[in-house]
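Trainee: The sequence shown begins at 1 in the UniProt record's numbering and counts up by one. A virtual CB, placed ideally from N, CA and C, is assigned to each residue, including glycine.
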Amino acid sequence: MDVPDNSYGQYLGLTNQTLHNEASDNVLAIELDTTKQPYDIDNNHIGLNINSIVSVVSIPLTPLNITLAPKTPSFHNVWIRYNGNEKVIRVYIAEQPGKTSPTPPMPQTPVIEHPLHLRKAVSSESYIGFAASTGTLVELNSVLQWNITVEYIISTGSKSPLSMILIAVVVLALVALEGYLCYRLYKKWLVDRSQSNILSWLRTLPGMPKEFRFRELKKATNNFNERRKLGQGGYGVVYRGVLPEDNVEVAVKWFSRESLKGEDDFLAELTIINRLRHKHLVRLLGNHFLQPNFKIIRLLGVG
Numbered sequence: 001m002d003v004p005d006n007s008y009g010q011y012l013g014l015t016n017q018t019l020h021n022e023a024s025d026n027v028l029a030i031e032l033d034t035t036k037q038p039y040d041i042d043n044n045h046i047g048l049n050i051n052s053i054v055s056v057v058s059i060p061l062t063p064l065n066i067t068l069a070p071k072t073p074s075f076h077n078v079w080i081r082y083n084g085n086e087k088v089i090r091v092y093i094a095e096q097p098g099k100t101s102p103t104p105p106m107p108q109t110p111v112i113e114h115p116l117h118l119r120k121a122v123s124s125e126s127y128i129g130f131a132a133s134t135g136t137l138v139e140l141n142s143v144l145q146w147n148i149t150v151e152y153i154i155s156t157g158s159k160s161p162l163s164m165i166l167i168a169v170v171v172l173a174l175v176a177l178e179g180y181l182c183y184r185l186y187k188k189w190l191v192d193r194s195q196s197n198i199l200s201w202l203r204t205l206p207g208m209p210k211e212f213r214f215r216e217l218k219k220a221t222n223n224f225n226e227r228r229k230l231g232q233g234g235y236g237v238v239y240r241g242v243l244p245e246d247n248v249e250v251a252v253k254w255f256s257r258e259s260l261k262g263e264d265d266f267l268a269e270l271t272i273i274n275r276l277r278h279k280h281l282v283r284l285l286g287n288h289f290l291q292p293n294f295k296i297i298r299l300l301g302v303g
């Protein structure tokens, strides 16, 4: 930030006679004034300046028992608060007994309370800091400590049509997502219940020694390799395989969803195979039931 030329004295290093009172100056300041100019109320006041050295609000501090520049060192605390929703700036001031004394609490009543539309007063890219000048006089001022806190407050004003549309779209998307998740959970519950019923029924079949894991069947058939295919019928595809643990040659029949109309077809067909006994028929060794694709793989001992 460049200091304007000829900004000494009453211009406080912020503006000059040319820029003074220009909206393009974009200066907002809280002044602590100890020298009376023709436009000032006294030589001990606090004021709010907006693009001008002439304060829009000036408050004398003597009635508040506050002296900005006594003959002995003095310490003051100033609080500046701006509420973006209310568009109001409030300024508080309190004396501190000594440099090492505890910071006094902020007064409940502000010395300045004034409406302010900050966006119209300053540029969107601005500096925050301190400035001072004395002209032909001499005065020592020091800033011992300071801090700034910015709180983002949700606007209470009416929302634009675009924001309302965006909110509606987000809400509808969340409702649709929730509905989809509920549908998926319901379908999974139906599948789990159906699978549980079928597996419970399969365990009641006589001579049903084992339920094989799918990875066991994949390994036995070399991931259902086409070269292992023995044939294909109306109910599915038959693969040749070898159980690694038992070194038993088997035939694995994969029933597709398209070949079976439902659970009843599968259970009826499985019951028939399980009951058949003939020297030229393979013996049923086990099964594996896959959901939700309704694919059933049965393991048949060869020979």
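1) Check whether the Cβ atoms of N77 and Q96 lie closer than 8 angstroms to each other.
2) Near Y183, what residues of its chain come up, given a Cβ to Cβ distance below 8 angstroms and the 5 sequence neighbours on each side ignored?
3) Mind pulling the beta strand (DSSP E) runs of 3 or more residues that sit fully within the segment 47-117?
4) Excluding the 5 residues preceding and the 5 following S142 in the sequence, name in chain order all residues of the same chain whose CB lies nearer than 8 angstroms to its CB.
5) Hey, out of P73, I30, N225, N26, whose CA is closest to K99's CA?
6) Excluding five sequence neighbours on each side, which residues of the same chain lie with their C-beta closer than 6 angstroms to the C-beta of A94?
7) For I89 and H117, which I take to be in contact (beta-carbon distance under 8 angstroms), what is that distance rounded to the nearest angstrom?
8) Need the endpoints of the beta strand (DSSP E) that L28 sits in, please.
9) Is it buried or exposed for S101, if we count other Cβ within 10 angstroms and need 16 for buried?
10) Is DSSP giving residue 392 helix, strand or coil here?
11) Beta-carbon within less than 7 angstroms of P60's beta-carbon, same chain only, minus the 5 sequence neighbours each way: which residues are those?
12) Which same chain residues end up closer than 8 angstroms to I30 when comparing Cβ atoms and leaving out the 5 residues on each side of it in sequence?
13) Classify N51 as buried or exposed, calling it buried when 16 or more other Cβ atoms lie within 10 Å of its own Cβ.
14) In the DSSP assignment, find the unbroken alpha helix (DSSP H) run with R227 in it and report its ends.
15) Is DSSP giving F255 helix, strand or coil here?
16) To the nearest angstrom, how far is it from the Cα of S58 to the Cα of L140?
17) What is the DSSP secondary structure of E178, counted as helix, strand or coil?
18) Can you check which of these residues, T149, L181, I53, is closest to P38 by C-alpha distance?
19) Specify the secondary structure class of Y239 as computed by DSSP and reduced to three states.
20) If we ignore side chains and look at the alpha-carbon of each, how far apart do Y152 and K71 end up?
21) Using the Cα positions of P209 and L174, report the straight-line distance between them to the nearest angstrom.
Mentor: If we stick to the structure as given:
1) Start at 1 with the first residue of the sequence shown, and residue 77 comes out as number 77. Start at 1 with the first residue of the sequence shown, and residue 96 comes out as number 96. Cβ atoms of N77 and Q96: closer than 8 angstroms.
2) Counting from one through the sequence shown, the residue named residue 183 turns up at place 183. Same-chain partners within the cutoff: there are none.
3) Within the segment 47-117, the complete beta strand (DSSP E) runs of at least 3 residues fall at 57-60, 75-83, 88-96, 112-115.
4) Along the sequence shown, read from residue 1 onward, the residue named residue 142 stands at position 142. For S142, same chain residues with a beta-carbon under 8 angstroms away, outside a window of 5 residues either side, do not exist.
5) What you label residue 99 is simply residue 99 of the sequence shown in a count that begins at 1. Considering only alpha carbons, the answer is P73.
6) Start at 1 with the first residue of the sequence shown, and residue 94 comes out as number 94. If we look at A94 and ignore the five residues flanking it on each side, its Cβ neighbours are N77, P104, P107.
7) In the sequence shown, counting from the first residue as 1, residue 89 sits at position 89. In the sequence shown, counting from the first residue as 1, residue 117 sits at position 117. The Cβ separation is near 10 angstroms, so there is no contact.
8) Locating residue 28 in the sequence shown gives position 28, counting from the first residue. From DSSP, the beta strand (DSSP E) with L28 extends over 28-33.
9) Residue numbering aside, residue 101 sits at position 101 when the sequence shown is read from its first letter. With a 10 Å radius around the Cβ and a threshold of 16 neighbouring Cβ atoms, S101 comes out exposed.
10) This structure gives no information on residue 392, because the portion of the chain shown stretches from 1 to 303.
11) Residue mapping note: residue 60 aligns to position 60 of the sequence shown, counting from 1. Its chain contains I41, D42, N44, H45 as the residues whose beta carbon lies nearer than 7 angstroms to that of P60, once the 5 sequence neighbours on both sides are disregarded; these appear in chain order.
12) Along the sequence shown, read from residue 1 onward, the residue named residue 30 stands at position 30. For I30, where only same-chain residues beyond five positions count, the Cβ hits under 8 angstroms are I46, G47, L48, N49, V78, I80, V91, I112.
13) Against the sequence shown, residue 51 aligns to sequence position 51. Counting Cβ neighbours within 10 Å, N51 comes out buried, since at least 16 surround it.
14) By 1-based counting over the sequence shown, the position of residue 227 is 227. Careful: R227 lies outside any alpha helix (DSSP H) and carries neither H nor E.
15) Counting from 1 along the sequence shown, the entry for residue 255 is found at position 255. In this structure, F255 counts as strand in the three-state DSSP scheme.
16) Position 58 of the sequence shown, counting from 1, holds the residue named residue 58. Position 140 of the sequence shown, counting from 1, holds the residue named residue 140. Whole-angstrom Cα-Cα distance: 23 angstroms.
17) Counting from one through the sequence shown, the residue named residue 178 turns up at place 178. In the structure shown, E178 adopts helical secondary structure according to DSSP, grouped into three states.
18) Residue mapping note: residue 38 aligns to position 38 of the sequence shown, counting from 1. Checked all of T149, L181, I53; the closest Cα to P38 is I53.
19) Here the question's residue 239 lines up with position 239 in the sequence shown. In the displayed model, Y239 falls within a strand according to three-state DSSP.
20) Here residue 152 corresponds to residue number 152 of the sequence shown, with the count starting at 1. Here residue 71 corresponds to residue number 71 of the sequence shown, with the count starting at 1. If you take the alpha carbons of Y152 and K71, they lie about 42 angstroms apart.
21) For the purposes of this step, residue 209 is identified with residue 209 of the sequence shown, where counting begins at 1. For the purposes of this step, residue 174 is identified with residue 174 of the sequence shown, where counting begins at 1. Bear in mind that the predicted position of P209 carries a pLDDT of just 49, short of 50, making it unreliable; the figure below should be weighed with that in mind. So the two alpha carbons sit approximately 48 angstroms from each other.
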